[in-house]
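Student: Protein chains in written order, with our numbering: chain R, 123 to 482; chain X, 123 to 482; chain C, 123 to 482; chain D, 123 to 482. Here a beta-carbon is modelled for each residue, glycine too, at the ideal position from N, C-alpha and C. The model shown is predicted, which means the values in this text are computed figures rather than measured ones. What follows is a single structure, and I will ask about it in a moment.
Number of protein chains: 4
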Amino acid sequence: MSGIWGNKIKISIFGESHGKAIGITIDGLKPGNEIDLNYIKEQMKRRAPGLTNLSTARKEQDEFQILSGYFNGRTTGTPLCAIILNNDTHSEDYKKTSNMLRPGHADFTGRVKYHNFNDYRGGGHFSGRLTAPLVFAGALCRKILEKRGIVIGSRIESIGKIRDKSSVDIVSVNKDTLLDLSKDGFPVLDKACGEKMKESILKSKGEGDSLGGIIETIVINLPAGIGDPFFDSVESTLSHLLFSVPAVKGVEFGEGFNITTMKGSEANDEYYMSKDNNIKTYTNNNGGILGGITNGMPLVFRAAVKPTPSIAKTQKTVNIENRENVILKIKGRHDPCIVPRAVPVIEAITAIGILNLMEE
Amino acid sequence: MSGIWGNKIKISIFGESHGKAIGITIDGLKPGNEIDLNYIKEQMKRRAPGLTNLSTARKEQDEFQILSGYFNGRTTGTPLCAIILNNDTHSEDYKKTSNMLRPGHADFTGRVKYHNFNDYRGGGHFSGRLTAPLVFAGALCRKILEKRGIVIGSRIESIGKIRDKSSVDIVSVNKDTLLDLSKDGFPVLDKACGEKMKESILKSKGEGDSLGGIIETIVINLPAGIGDPFFDSVESTLSHLLFSVPAVKGVEFGEGFNITTMKGSEANDEYYMSKDNNIKTYTNNNGGILGGITNGMPLVFRAAVKPTPSIAKTQKTVNIENRENVILKIKGRHDPCIVPRAVPVIEAITAIGILNLMEE
Amino acid sequence: MSGIWGNKIKISIFGESHGKAIGITIDGLKPGNEIDLNYIKEQMKRRAPGLTNLSTARKEQDEFQILSGYFNGRTTGTPLCAIILNNDTHSEDYKKTSNMLRPGHADFTGRVKYHNFNDYRGGGHFSGRLTAPLVFAGALCRKILEKRGIVIGSRIESIGKIRDKSSVDIVSVNKDTLLDLSKDGFPVLDKACGEKMKESILKSKGEGDSLGGIIETIVINLPAGIGDPFFDSVESTLSHLLFSVPAVKGVEFGEGFNITTMKGSEANDEYYMSKDNNIKTYTNNNGGILGGITNGMPLVFRAAVKPTPSIAKTQKTVNIENRENVILKIKGRHDPCIVPRAVPVIEAITAIGILNLMEE
Amino acid sequence: MSGIWGNKIKISIFGESHGKAIGITIDGLKPGNEIDLNYIKEQMKRRAPGLTNLSTARKEQDEFQILSGYFNGRTTGTPLCAIILNNDTHSEDYKKTSNMLRPGHADFTGRVKYHNFNDYRGGGHFSGRLTAPLVFAGALCRKILEKRGIVIGSRIESIGKIRDKSSVDIVSVNKDTLLDLSKDGFPVLDKACGEKMKESILKSKGEGDSLGGIIETIVINLPAGIGDPFFDSVESTLSHLLFSVPAVKGVEFGEGFNITTMKGSEANDEYYMSKDNNIKTYTNNNGGILGGITNGMPLVFRAAVKPTPSIAKTQKTVNIENRENVILKIKGRHDPCIVPRAVPVIEAITAIGILNLMEE
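Now the structure itself:
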């Protein structure tokens, strides 16, 4: 079983890439929240393919229909289901090679798991396309958080081996910085680095290859006291969701893996009383979380996104029907780098996770 | 809410460091599993403090009592509860400074979360001591997995800035290597590196400071097909549990963050038919998981463990009662590096997570 | 939160009576189950209104569309979502009286619960119409159970004060009896009683009033050993679902309330070895369940369905806007007795509950 | 799996009748609730055996120890575990007959379920003794509810065929009536009926037989708006818990099964504005629940408790080892009627269910 998550905000996703529709049901939204359809569309557009030469040429309109839980422009408090009908599907591209396991994809594991009965076309239920409903749900949650002053923003920290030279001040980052990043289709701090990243993606595309990268996400204005020790820790909750996003292979909070190279006296975030009588820390190596619970400092984490497995280069693989070694050449239209389109997905799922932790 | 996790194997933990007892209830164990009490004791001894000069001088016997779900040497299939009575507690050490927030600890977030009603002594419910029941439960699960041929092993990949120079062959690691690591109280591949790591820990201890490190864990002989896409992916399940372990700040699978620096053509694990007619991959950059589901290759992940926040050095902090800046000097007996004792905890929680994913 | 249930078979329902669509997502169906669309249609037709003069004149086609989890005529193992688009809605009928609380309905409680933001038209999310997706899901589950030999059947035990004079032999009822009942739109054993029941419904309709009744349901060929003590008992599981069906106000297993009038020596079902070396009981007062677990005898329970609250007679109520006492006369087309249409719903939800208990 | 229930207040029970201990962990209690140990003891005493000649002669002290989640007299907000050590067990009584299936008990179903590995002594995990931890948890929850003005009370409506002639005014029952009932070890309204009930129990005891009965429970001062449509309805939630109590075979809300004999015009609870400007109903046939949600009227339900299956009379059964028909004569000390001791259990589990529904 796979498609349901949450306890206060429960989401239930469904759909296959080339089936009739994909969608999501959100249970637990409080009644009376205004739904800003334009805001949702903007968020979904950030994820949609076909917008720049950095992404796949596939055009997916991602036009959603809200089927329930929505009345007079607001949430009703009952389950809200939205669907996106599928179209522009070149299923034939996939049929030809459906017995050839695409390396890095779930073709093999999906077949084993579902005893060959799964819809393999376009990755089926494993498709990155399933992240569109997550962005829909995330937009709803994010708007609710924003009304409470909570702002989410991300930057691309690296593409392949190119890193953003500048870094966010994770102790005192403000709302404007995060909102600016959110408006940028390729959010980096050092624009020159950003250009180099884009060039490397296009170069990779030209070579029939692909690139990955790291996304850094920050959430500000979270009150202290959210989350729990152990199994409902903020880290547990968010990592659970982040690792649900296809292609994510690593998650770290605050200084993350780097904190292991620090001494305790360096890593510990020392406290002080701020001028406005709040308890703050001088540093934020713990990324705003101690004992699984927010401490009021910015929440900071990073997600590692692997290079798109769909590449044009020939690859060694096996034909699972006749169990022979073969050479595979994938056709179809694919993203040379999924990182820019993954940014709104990461932010969306963060919004879902945070609202789930906060909602009573 | 915090203390319950799982769907097929459900665990429910409870306890505070200086309360009457800590414990765990495990629901969902199949009836008829022989319980090897010596094996459990061994596993718990690996985690217990006071054994070497690398760990705290606190002696905790960690003697467990099984209260239920156990009859004639076997599991009954009903909830199995085990408790560990607390003793050797120097509660006075903590009382003196209970209003002084210890940096890096959950003193502040716990107070906010629980409105000051939580048992602060020794970290209370946030104490690393709560990992003892997890090791108990993990030992039960691990033994069940071992009967199916599944073996778990770990090594300390780094302590502070010192890295184990050798590396595990994550494509073809065998059972013996993992079992050898399991028997070692300080498991590294390059023994010389291990000695340097130990020295650095003792040096750090002498300075009143602490160190962190990275633990690499490997699980072999898992069948392909375990896990689910999206919310019950192997990565989601294990990261959820791993981030429940106090001090873990990062988790990565396979090449993890490093995979972002590879091209798709390098990152993709190409398939081939093995001599014994199995589908295998030449490389294992995805750590044995594709689409959230095991592919039959070794499961590989790494956890970043932060330096112990309890250090003897003076630290800046605030007194939360009178809200003034103060200087804190923590007394008491603490681990200069929790990494070696975290190894069996990581392995235990891995066993719980894997059995939960596999059990029907 | 309300719309998600289950652990092995998870269902997630959504929709409002006069919204765009109603639907259900079923997560946890094993891959490879053939889906018999005609069978589903038949089951849904049993519930659909407008078929006889005993039910409402509203015509609802209840044409379902499967959006996901379905490929080449079979379940894929991924979440299966089906929707039914709404039509033939006379929303105006409801608008006029939307501030007048209909006695026996959820108008008042829904308003309080959802702070007036719920879609009140046609009962909104509280509408009996939401049982259509349950029948869809139940049909899928029932077919899977039937392949294992498990058969579900029901009879109308009473309508108002008229009781079916005959009774099912709950010790040795066979498959044919249950299948015959399933094919009958008004299943009773004593046909003459059945005619009287129908007459009383029509009489009640003529008086602008309504009737309720009791449905007895039987499941045969369940293996012994299904269910759990305490919180996952068969009774807990089924009653949870049965009380989710609108209008159900009582549930009893075996002799139910009547068992309280028996002595222990009468109530206890004594065991014997059957000729085919099975352990059976002479009587079945416990309805096939002991300690929350099936014992291999027929599972028997009864559900009390209250008279349809929508009646044409004038009723006292309040206008919730101006908080004044008023007289309400409900227009619209309503069932004079929901019992016959509730039979397939009860059976459907039973199938869901049983499969959830059985599936591993 | 069986022993965990709840979403906001989660309970996890464990233990066997003749094992080391039985107990419960409660997760989700808000921090800072004063724990009234005497109140808990009183409640547990109401359930404890050996107090009058109406119950078993077994003496169980039911002395609980709180192991966690409790500090300075209050809940800490972390999981609260309490255990009761077992003693006064005559395990030998059970061993002799352990292969002889006791009719009406879970001996057979438990064996099948747990493949013979369950602890059969004294009913093991199926023992009514497991209700002691439920009463402990219920007492905690009940006290929290009482501070909000919510009062729970019950009466024995019938023992065998003898019914309490008087009835509670379920429209306007007040707190004092309920508190009086709570203090009575054998709560009935018509004391003469109560005496007859007691006599019938003693008569039954003399005959080596047993009796059952019906318990009516009422909860007042619940605000309107608690519960949900469908799967988290008040009826679903409470019936789930009530059917977890051993021996309960029927549950009905409001008029329950009797409502099926009423016309809609009789069954509908008409609304009016009360003098203090509240919306009330003239009648309460729906037992305070509409659409699964409380309407502010008293919550009323009834539970059918079957006669104690342990009787001294000889019974036909089978020896499951050699699969032969045998005659069983149960020895040991048993309740001739469990109803009076079930009253506090029903109330306790009601308190847990209600708090779970109300807690945010």
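1. Quick one: does R:C203 have its CB under 8 Å from some CB of chain C?
2. So, with DSSP's three-state summary, where would you put R:V310?
3. Since R:N91 sits in a beta bridge, which residues does DSSP pair it with?
4. Using beta carbons (cut-off 8 Å, strictly below), is X:G279 in contact with chain C?
5. Excluding the 5 residues preceding and the 5 following D:L223 in the sequence, name in chain order all residues of the same chain whose CB lies nearer than 7 Å to its CB.
6. With 8 Å set as the bound, which would you pick, yes or no: does the beta-carbon of R:I162 sit closer than that to a beta-carbon of chain C?
7. Within its chain, find whatever has a CB closer than 7 Å to the CB of X:R277; leave out the 5 residues flanking it on each side and keep chain order.
8. Do you know offhand how far X:N160's Cα is from D:D241's?
9. For D:D298, name the three-state secondary structure that DSSP assigns.
10. DSSP state of X:I185, grouped into three classes?
11. Could you tell me the alpha carbon to alpha carbon distance between C:T382 and D:P225, rounded to whole angstroms?
12. Beta carbons nearer than 9 Å to chain R: which residues of the region 389-419 of chain C have them?
13. Under 8 Å, Cβ to Cβ, is there at least one residue of chain D near C:L333?
14. Measuring straight from C-alpha to C-alpha, what distance separates R:L267 and R:A473?
15. Which stretch, first to last residue, makes up the beta strand (DSSP E) that contains C:A426?
16. Give every residue of the same chain whose Cβ lies closer than 7 Å to the Cβ of C:T141, excluding the five residues on either side of it in the sequence, and list them in chain order.
17. What are the boundary residues of the alpha helix (DSSP H) that R:K132 is part of?
18. Distance, Cα to Cα, X:I188 vs X:A259?
19. Could you name the residues of the region 135-164 of chain D whose beta carbon sits closer than 8 Å to any beta carbon of chain X, in the order they occur along the chain?
20. Comparing C-alpha positions only, which one of C:L300, C:N129 and C:S294 sits nearest to C:G418?
21. Taking the beta strand (DSSP E) that C:A143 belongs to, which residues open and close that run?
22. How would you list, in chain order, the residues of chain X whose beta-carbon sits under 7 Å from the beta-carbon of R:G250?
23. To be precise: take each residue of the region 446-457 of chain X, compare its Cβ to all Cβ atoms of chain R, and keep it if any distance is under 8 Å. Which residues remain?
24. Answer with buried or exposed for D:Y192, where buried requires no fewer than 16 other C-beta atoms within 10 angstroms of its C-beta.
25. Check the DSSP bridge columns for R:G112 and list the partner residues they point to.
26. With respect to the beta strand (DSSP E) encompassing X:M395, which residues constitute its N-terminal and C-terminal limits?
27. Does DSSP put X:I389 in a helix, a strand or coil?
28. Determine the burial state of X:A314: buried for a count of at least 16 other Cβ atoms within 10 Å of its Cβ, exposed for fewer.
29. Do the CB positions of R:N406 and R:G376 come within less than 8 Å of each other?
30. Does the Cβ of C:P462 have 16 or more other Cβ atoms within 10 Å, making it buried, or fewer, making it exposed?
31. Counting only beta-carbon atoms, is D:G540 nearer than 8 Å to chain C?
32. Quick check for students: name the residue ranges of the beta strand (DSSP E) that lie wholly in the region 198-253 of chain R, counting only runs of 3 or more.
33. Along the chain, where does the alpha helix (DSSP H) containing C:I381 start, and where does it finish?
34. Can you pull out the residues from the region 421-441 of chain D whose beta carbon lies closer than 7 Å to at least one beta carbon of chain C?
35. Please state whether DSSP places D:L267 in a helix, a strand or coil.
36. How far does the alpha helix (DSSP H) with R:E469 in it reach, from first residue to last?
Tutor: Taking the coordinates as given:
1. On the first sequence, residue 203 of chain R is found 81 positions in, with the first residue counted as 1. With 8 Å as the cut-off, R:C203 counts as an interface residue toward chain C.
2. Numbered from its first residue, the first sequence carries residue 310 of chain R at position 188. Here R:V310 sits in coil by DSSP.
3. The requested residue 91 of chain R does not occur in the structure, where chain R is confined to residues 123 to 482.
4. Looking up residue 279 of chain X in the second sequence gives position 157. In the sequence as presented, Gly is not what sits at residue 279 of chain X; that position holds Glu. Chain C contact via Cβ: absent.
5. Within the fourth sequence, residue 223 of chain D is the residue found at index 101, counting from 1. So the qualifying residues of the chain are D229, F230, T439, V440 and I442.
6. On the first sequence, position 40 is the one that residue 162 of chain R refers to. No, R:I162 lies away from the interface with chain C (no Cβ there is under 8 Å from its Cβ).
7. Position 155 of the second sequence, counted from the first residue, corresponds to residue 277 of chain X. Once the five neighbours on either side are set aside, the close Cβ partners of X:R277 are D286, V290, L303, P309, V310, L311 and E338.
8. Counted from its first residue, the second sequence places residue 160 of chain X at position 38. Counted from its first residue, the fourth sequence places residue 241 of chain D at position 119. Pairing X:N160 with D:D241, the inter-Cα distance amounts to about 22 Å.
9. Along the fourth sequence, read from residue 1 onward, the residue named residue 298 of chain D stands at position 176. Residue state for D:D298 is assigned as helix, using DSSP reduced to three classes.
10. Along the second sequence, one-based indexing puts residue 185 of chain X at 63. Ile is not the amino acid found at residue 185 of chain X; the sequence shown has Glu there. DSSP places X:E185 in coil when its eight states are reduced to three.
11. Position 260 of the third sequence, counted from the start, is the residue given in the question as residue 382 of chain C. Position 103 of the fourth sequence, counted from the start, is the residue given in the question as residue 225 of chain D. Going from the Cα of C:T382 to the Cα of D:P225 covers about 16 Å.
12. Per Cβ criterion, the list is empty.
13. On the third sequence, residue 333 of chain C is found 211 positions in, with the first residue counted as 1. C:L333 counts as touching chain D.
14. Along the first sequence, one-based indexing puts residue 267 of chain R at 145. Along the first sequence, one-based indexing puts residue 473 of chain R at 351. For R:L267 and R:A473, the distance between alpha carbons rounds to 7 Å.
15. What you label residue 426 of chain C is simply residue 304 of the third sequence in a count that begins at 1. First-last of the beta strand (DSSP E) with C:A426: L421 to V427.
16. Residue mapping note: residue 141 of chain C aligns to position 19 of the third sequence, counting from 1. Here residue 141 of chain C turns out to be Gly, not Thr, going by the sequence shown. Excluding residues within five positions, the ones whose Cβ falls inside 7 Å are N208 and D241.
17. Translated into positions along the first sequence, residue 132 of chain R becomes position 10. Judged by DSSP secondary structure, R:K132 falls outside any alpha helix (DSSP H) and instead within the beta strand (DSSP E) spanning K132 to G137.
18. The residue given as residue 188 of chain X occupies position 66 in the second sequence. The residue given as residue 259 of chain X occupies position 137 in the second sequence. Between X:I188 and X:A259, the alpha-carbon positions lie close to 11 Å from each other.
19. Of all residues in the region 135-164 of chain D, the ones placed with a Cβ closer than 8 Å to any Cβ belonging to chain X are I135, F136, G137, E138, G141, K142, A143, I144, G145, T147, D149, G150, P153 and G154, in chain order.
20. Against the third sequence, residue 418 of chain C aligns to sequence position 296. The shortest C-alpha separation from C:G418 is found at C:S294.
21. Taking the first residue of the third sequence as 1, we reach residue 143 of chain C at position 21. Segment A143 to D149, the beta strand (DSSP E) holding C:A143.
22. Position 128 of the first sequence, counted from the first residue, corresponds to residue 250 of chain R. Here the premise fails: no neighbours, minimum Cβ distance about 11 Å.
23. E446 and N447
24. For the purposes of this step, residue 192 of chain D is taken as the residue at position 70 of the fourth sequence. Burial call: buried.
25. The question about residue 112 of chain R has no answer, for chain R in this structure spans 123 to 482.
26. Counted from its first residue, the second sequence places residue 395 of chain X at position 273. Taken as a continuous stretch (DSSP letters only), the beta strand (DSSP E) holding X:M395 covers Y393 to M395.
27. As a first step, residue 389 of chain X is located in the second sequence; it is residue number 267 there, counting from the start. Before going on, a small fix: residue 389 of chain X reads as Ala here, not Ile. Collapsing the DSSP output to three states places X:A389 in a helix.
28. Residue 314 of chain X sits at position 192 when you count from the first residue of the second sequence. Answer is exposed; the Cβ neighbour count stays below 16.
29. For the purposes of this step, residue 406 of chain R is identified with residue 284 of the first sequence, where counting begins at 1. For the purposes of this step, residue 376 of chain R is identified with residue 254 of the first sequence, where counting begins at 1. Yes; because the gap between Cβ atoms is below 8 Å, this pair is in contact.
30. As a working mapping, residue 462 of chain C is identified with position 340 in the third sequence. By the neighbour-count rule (16 or more Cβ atoms within 10 Å), C:P462 is buried.
31. Shown here, chain D extends from 123 to 482; a query on residue 540 of chain D therefore has no answer.
32. 202-207
33. Sequence index remark: in the third sequence, residue 381 of chain C carries index 259 (1-based). That residue, C:I381, is in no alpha helix (DSSP H); it is neither H nor E in DSSP.
34. A426, V427, K428, P429, T430, P431, I433, K435, Q437, K438, T439 and V440
35. Within the fourth sequence, numbered from 1, the residue matching residue 267 of chain D stands at position 145. Helix.
36. Within the first sequence, numbered from 1, the residue matching residue 469 of chain R stands at position 347. Note, R:E469: alpha helix (DSSP H), V461 to M480.
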